[in-house]
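Oh and the sequence shown: position 93 is 93 in this note's numbering, straight run, nothing missing. The beta-carbon is built from N, C-alpha and C at its ideal position, and this holds for glycine as well. Note sheet for the following structure.
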Amino acid sequence: MRKIDVSGYLVKLKTPAGEMHDIQYDVKEMLVGILLHSSLQLTGIELHARMPIADKIKKHDLSKGELLLEEDEYSKLLSAVKTIQGFGMNDAEMVRRIIEAEEVAVKEAVK
């Protein structure tokens, strides 16, 4: 499994009037956007296969800490990061979190 920090962070955004404002970068929303990005040219089958991962990301409770992804889920996200072009400075922290996602061993809870 891979562990990804999905907490938001502040980025600078320039308004049309030229003023700089700090805004909260929504990491979860951006991860979903990357996973399903149109430049990946996903087939219907591929899109369908990624939707449960997108739902898992969207539903993750930030108070529970990092998001845990199975290796196959993580590989789809990492592949998207390697394929999509046009990331900018505000995306750098999120991209770093994906690329450097820590591998963790998970034990099944005893019932």
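Secondary-structure assignment with DSSP links Arg97 through no beta bridge to anything. For the stretch 21-73, the full-length beta strand (DSSP E) segments reaching 3 residues or more read 67-69 along the chain. About 7 Å separates the CB atoms of Glu66 and Val6; that is less than 8 Å, so the two are in contact. Listed as beta-bridge partners of Val11 by DSSP are Ile23. Beta-bridge pairing by DSSP links Glu103 to Arg2. By alpha-carbon distance to Arg96, the top candidate from Ala105, Lys28 and Val81 is Val81. At the C-beta level, Ile99 and Ile4 stay beyond 8 Å of one another.
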